[in-house]
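A.B. asks:
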Amino acid sequence: MRKITYAEAIREALRQEMKRDENIFLIGEDIGIYGGAFGVTYGLINEFGEERVRDTPISELAIVGTSLGAAITGMRPIAEIMFMDFTTLAMEQIVNQAAKMKYMFGGKAKIPMVIRTPAGSGTGAAAQHSQSLEAWFTHVPGLKVVMPSTPYDAKGLLISSIRDDNPIIFIEHKLLYKISGEVPEEEYEIPLGVADIKREGEDLTIIATSIMVQRAISASKELKKEGISVEILDPRTLKPYDKKTIIESIKKTGKVIIVHEACKTSGFGAEIAAMISESESFDYLDAPIRRLGGLDIPIPYNRNLEKHAVPQIEDIINATKELIYG
Amino acid sequence: MYKVIMPKLGMTMEKGIVERWLKKEGDYVRKGESLLEIMTDKVTIEVESYHTGYLKKILAEEGEEIPVTEVIAYIGEEDEKIPEEIVRKKIAPLEVSKEEKEKVKVKVGEKEKISIKKIIEYEKEREREIRKGKEKEEEITKVKRKKILASPLAKKLAKEMSIDLSKISGTGPKGRIVKADILRVVEERKLKKEEKMDIEKESSKELITPEILKTIPLTGLRKTISERMSKSASEIPHITLFLEVDISNLEKFKNKLDKEIGEKKFSYTDFIIKATALSLEKYPILNSTLKDEKIIIFKDINIGLAVSIEDGLIVPVISNSNRLSLEEIADRRIDLVNLARENKLKLKDVTGSTFTITNLGMYQVEYFSPIINPPESGILAVGAITKKPIVNKDAKIAIKPIIKLGLALDHRVSDGVIGAKFLQYLRDILQAPDKLI
Amino acid sequence: MKLAREKLMDMLSKMYKIRFFEEKVDYLFSLGLVHGTMHLSIGQEAVAVGAVSALKSDDYILSTHRGHGHCIAKGADINLMMAEFLGKETGYCRGRGGSMHIADIESGNLGATGVVGGGIPISTGVGLSIKMRKTGQVILCFFGDGAANLGAFHESLNLAAIWKLPVIFLCENNMYGMSMSVKKAIAIKDIAKRADSYGFPGKVVDGNDVLAVYEFVLKAVKRARKGEGPSLIECKTYRWKGHSKSDQNLYRSKEEIRSWKKKCPIKRFKKRLISENILKEEEIKMIENEAKEVIEKAVDFANNSPEPSVDEIFEGVYS
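Residue numbers (my numbering), protein chains in the order written: chain A, 2 to 327; chain B, 1180 to 1616; chain C, 10 to 328.
(1) Which residues in chain B sit within 9 Å of L21(C), going by Cβ to Cβ distance?
(2) Is DSSP giving W269(C) helix, strand or coil here?
(3) DSSP on C102(C), reduced to helix/strand/coil?
(4) Give the DSSP bridge partners of M189(C), in chain order.
(5) Select from L168(C), N183(C), M184(C), C244(C) the residue whose C-alpha is nearest the C-alpha of Y207(C).
(6) Indicate whether T266(A) and L205(A) have their beta-carbon atoms separated by less than 8 Å.
(7) Classify D1589(B) as helix, strand or coil using the three-state DSSP reduction.
(8) Please classify A1120(B) as buried or exposed, where buried requires at least 16 neighbouring CB atoms within 10 angstroms.
(9) Is any heavy atom of the ligand HEM found at a distance shorter than 7 Å from the C-beta of A57(C)?
(10) Distance, Cα to Cα, P1262(B) vs A1252(B)?
(11) Taking the continuous beta strand (DSSP E) assigned at M1218(B), which residues delimit it?
(12) State the DSSP-derived secondary structure class of D199(C), mapped to helix, strand or coil.
(13) At a cut of 8 Å, does the region 117-136 of chain C reach the region 124-140 of chain A through at least three beta carbon pairs?
(14) I need the DSSP call for P317(C), collapsed to helix, strand or coil.
(15) For the region 206-257 of chain C, which segments carrying the alpha helix (DSSP H) assignment without a break, of at least 4 residues, lie completely within its bounds, in sequence order?
(16) Closest Cβ-Cβ distance between T1248(B) and chain C: below 8 Å?
(17) In whole angstroms, what is the alpha-carbon distance linking V311(A) and T321(A)?
(18) Check whether the region 48-62 of chain A and the region 155-173 of chain C are in contact - that is, three or more C-beta pairs closer than 8 Å.
(19) If you count every other CB in all the chains shown that lies within 10 Å of the CB of R1591(B), and 16 or more means buried, which is it?
(20) Under 8 Å between beta-carbons, which chain C residues line up against M1190(B)? List them in chain order, please.
(21) Please report the straight-line C-alpha distance between A1337(B) and S1532(B), rounded to a whole angstrom.
(22) Let me confirm a value: I1426(B) is counted as buried when at least 16 other C-beta atoms fall within 10 Å, else exposed. Which label applies?
(23) Based on Cα-Cα distance, which residue from V1247(B), R1520(B), D1613(B), G1354(B) lies nearest to A1485(B)?
(24) Interface residues of chain B around F29(C) at Cβ under 9 Å?
(25) Indicate whether at least one CB of chain B lies closer than 8 Å to the CB of S39(C).
(26) Along chain B, which residues have their Cβ under 7 Å away from the Cβ of Y36(C)?
(27) Please decide whether N313(C) counts as near chain B, where near means a Cβ-Cβ distance under 8 Å.
(28) Would a check of beta-carbon distances place G123(A) closer than 8 Å to chain C?
(29) Rounded to whole angstroms, what is the Cα-Cα separation between N1538(B) and V1364(B)?
(30) Our contact map puts C180(C) next to E243(C) with C-beta atoms below 8 Å; I'd like the distance itself, whole angstroms only.
(31) With distances taken between CB atoms, is the gap from F29(C) to A300(C) smaller than 8 Å?
(32) Report the option in T1223(B), L1370(B), G1557(B), D1607(B) whose CA atom is closest to the CA atom of I1418(B).
(33) Determine the DSSP secondary structure at H309(A), reduced to helix, strand or coil.
(34) Kindly indicate if chain B contains any beta-carbon less than 8 Å away from that of D316(A).
(35) What number of angstroms, rounded off, separates the C-alpha of V7(C) from the C-alpha of V191(C)?
(36) Select from the region 1201-1233 of chain B all residues with a C-beta closer than 7 Å to any C-beta belonging to chain C, and list them in chain order.
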């Protein structure tokens, strides 16, 4: 199959969906001629024009509010917030308005909107341009949170997100934009809330999100040389998330490591760990649940410090060995 | 007639104080006109009338605190009469549920009167009781809860396979019992079962099941003996050595002593106890215990004496037997045996033995191999005294009283040679009983 | 007066309904029957009715926490409003929204938000949607003087201006943002003046004159429909009651409240209708009584409505 990058997969999903439904439009800062800070929307303005690829002033709150207003009156906006860090500027509209509107209006509003935003460190952009804030959004009923780790998932999940009638936080990763993978040319949907087993294994389950899925895959190759067979599970959607697949995997392996880039304290791993111990899979645990997450520090600038701030391949390998060998 | 109520003016307001009536009874009030002032949360608020008419009756005086929605006045037409039954309900001073009231009634034993004080007392007492109960429960659970480190999966598997986790050692981190440990036990069990099945298979051709007379559950002393002996027999590698001792001299010695005292107080056991104690002084390695890969040799020589009682066997102890006189040993022995038969032994009488003597001589048993009484590392079996022909120094046959001794020792602690030397030494003492004094 | 008699009667009726609705819910609250708080707009009826009367039925409004008036002006079913107020299943929001979140999206009432200024960015989006769908509608966005100091106000008015969106930003200046006097909160005299900095017209209107409000909003609506962009209209008015049910009115004087009560917008409108021989006293009385009856019936409807089922508590979180 044809291989394209994660960024290209997202762009392709946007293009194909915009062609299919004229109510879909893009809105955000520098998404037009500039193509977005990471070039994801590059070229789309030539194809769809300024109306549907709508550059905005630097007004994150208004970008989200405008998307919401358009969504409840029949449009299907896709907003881009240049860095996930900047979602803080739009929190009022995301959390108080978009997430609540349907419920507080007795279920009578339809809110088909997507907020795309890149998260993660590794680019040397330091503390205000490197955060992974997904857990915040999973804590707000009314929002869905999607976090693809491969080009294939990025396309399928984005198409599903665009077609969904709920406000969706679609979290991309800056370091993933350039990775390639097989992606079908035609449109396809990946249902939200369904996890994917990226590698099947017997000895231990690694539940990883976003960039950490890629790191877990690299780690699994090393571990295989030692005869350790790990199963890699990517929830893909954090809200709603696929509890069943997680439970089944743990019933099989009895050991689990949860890896995410976001700070470990109150990270989404805590939710998964708690869910496991509340579920039937608890009785299948043969070792304590292990979490790998970012350190509780703002992302530092220095290359080495930055690397140390979040889990790396070696950390996953070491943690796995500790759990396997005791 | 309209009711004027203490209005709820805030989300959390529960009561308000009527600070001032701005209208008096008989005044005409328009809807929206200020009617009274209410104090709530230390702030005075003007309350407007929701109705138009004449203020017919004020029920709440200035300064009174009234719960929200309670009627505080009536507004009506000029000629409207105030119904007689308009009397403000008294507010119960303390809310007590019906069931609680019943309980209090029973408890206090009064007919209908419920004194608040008593309710409070009763509540307090109940609280104390609840707290006591909780403390007790906590103690019980503390005792119950012996921490066994095991993974949830190991626990689950153990439960399914009826495996007692307290009997398994874990190989996981911090000694945690993990799945692999359970699987090991299961594997072992399977092997045992297979062995057993092989035996059963062979004999099953002409399998005869004996008829059961009675089933006796293993309890109490029997159970303790059973556990201790099987532990000893399975864990301690025993060597048992036998030796015959000519006790003609001892016989004379005993007769002499009996004559001196004028009664048959001494038993041969007393001499053997003393002689054994002295032998242990010479070979202290047999007066020891093996613990955590260490041999601990005791300074005290406390001889335990196996005594048979109705439902089993008990071993009272004669402490410091090496330092006691024969007479003291005899006194103590008589004492202990009587106490044992009467079931009156105290804990101090049966603990601390370092070596045991067991005697079946009175049943004419000549030889037997005793089982060490753990945690000791040696035991002496005493058989019957029989007259036997022996070949003496002069190569002549003589008839002599002979006693048969059997010494079992823990081979982990010492070897056969030590045992043999011990027995020889013991024999020498018994053949020269003057040494016992 | 150019307006048809029926239109004027409808406006008066709506003003009465707002007044009686709010008096009634205030009374229900005092009886302890209302769970939660409420924000009453008694004294501000002319703004809601005047502004919404300038819209067509398929135009949109966005409301605020003090939004009962906007709802009624937009033609909401009083029964469903009252049921929502009392938290009933039959209410506009199935008892999930309450006083602060009454919405009827189908009729163009895009709802009230409890967060001050929360509706302003949304209105920009509605304007954009109208423009992109080319429907010729407009969106009337209510907000208070307090909201005019939020970042959301600035971001949204700017967007609406650069994209020439059909939005009427209607600032109901009732002189206080909770207890903060607008005189202390804003250094300029008129909020309307801020429109200048975004490049569209801003007008100050006497918010207690229903016909003046109507006229100004109508002008803004026409401008919006022609694609000329947004307008800001500041209606100066006054709320008679406290900010909410926790308000003890410590920040304003009785004299001030009394002086504004003399400027009652309903009385003023009534007087004018009589003096211009449009309606007779008896006709007005009939309108008034009819409005009262509607409110009473709504209370009955709400009281006789079922509570929402706990089994359905999750319904409405997601589509």
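Note that beta-carbon positions come from the ideal geometry of N, C-alpha and C, so glycine has one too.
Since we're looking at a predicted model, the values are computed, not measured.
C.D. replies: Short version:
(1) Here the premise fails: no neighbours, minimum Cβ distance about 19 Å.
(2) In the three-state reduction of the DSSP assignment, W269(C) falls in the helix class.
(3) Three-state result, C102(C): coil.
(4) Answer is G186(C), bridged to M189(C).
(5) Looking at the Cα atoms, L168(C) is the closest of the given residues.
(6) Between T266(A) and L205(A), the C-beta gap is not smaller than 8 Å, which leaves the two residues out of contact.
(7) DSSP places D1589(B) in strand when its eight states are reduced to three.
(8) Summary: the structure shown does not reach residue 1120(B), with chain B confined to residues 1180 through 1616, and so no result is reported for it.
(9) The ligand content of the structure shown is nil, which means the ligand HEM is not present either.
(10) Here the alpha carbon of P1262(B) sits roughly 13 Å from the alpha carbon of A1252(B).
(11) Unbroken beta strand (DSSP E) run through M1218(B): 1213-1219.
(12) D199(C): coil per DSSP, three-state reduction.
(13) The region 117-136 of chain C vs the region 124-140 of chain A: no contact.
(14) Here P317(C) sits in coil by DSSP.
(15) As far as the region 206-257 of chain C is concerned, its whole alpha helix (DSSP H) runs of at least 4 residues are 219-234.
(16) Yes, its Cβ sits closer than 8 Å to a Cβ of chain C.
(17) Here the C-alpha atom of V311(A) lies approximately 16 Å from the C-alpha atom of T321(A).
(18) They touch, by the three-pair rule.
(19) Classification of R1591(B): exposed, given that the 10 Å Cβ count is below 16.
(20) Within 8 Å Cβ-Cβ: G45, T46, K254, S255.
(21) A1337(B) and S1532(B): Cα-Cα distance of roughly 39 Å.
(22) Counting C-beta atoms within 10 angstroms of its own C-beta, I1426(B) has 16 or more neighbours from the protein chains shown and is therefore classed as buried.
(23) The residue with the shortest Cα to Cα distance from A1485(B) is R1520(B).
(24) Neighbours of F29(C) on chain B: none; closest Cβ ~11 Å, over 9 Å.
(25) In terms of beta-carbon proximity, S39(C) lines the interface with chain B, with at least one pair separated by less than 8 Å.
(26) Going along chain B in sequence order, the residues near Y36(C) (Cβ under 7 Å) are Y1229.
(27) Not an interface residue.
(28) Closer than 8 Å: no.
(29) N1538(B) and V1364(B): Cα-Cα distance of roughly 41 Å.
(30) In this structure C180(C) is in contact with E243(C), their Cβ atoms being roughly 5 Å apart against a cut-off of 8 Å.
(31) Going by C-beta atoms, F29(C) is nearer than 8 Å to A300(C).
(32) When only C-alpha atoms are compared, the closest one is G1557(B).
(33) H309(A) falls in the helix class under three-state DSSP.
(34) So, not an interface residue.
(35) Within the shown structure, residues of chain C are numbered from 10 to 328, placing residue 7(C) beyond reach of any answer.
(36) For the region 1201-1233 of chain B, which is checked against every Cβ of chain C, the residues closer than 7 Å are V1222, I1224, Y1229.
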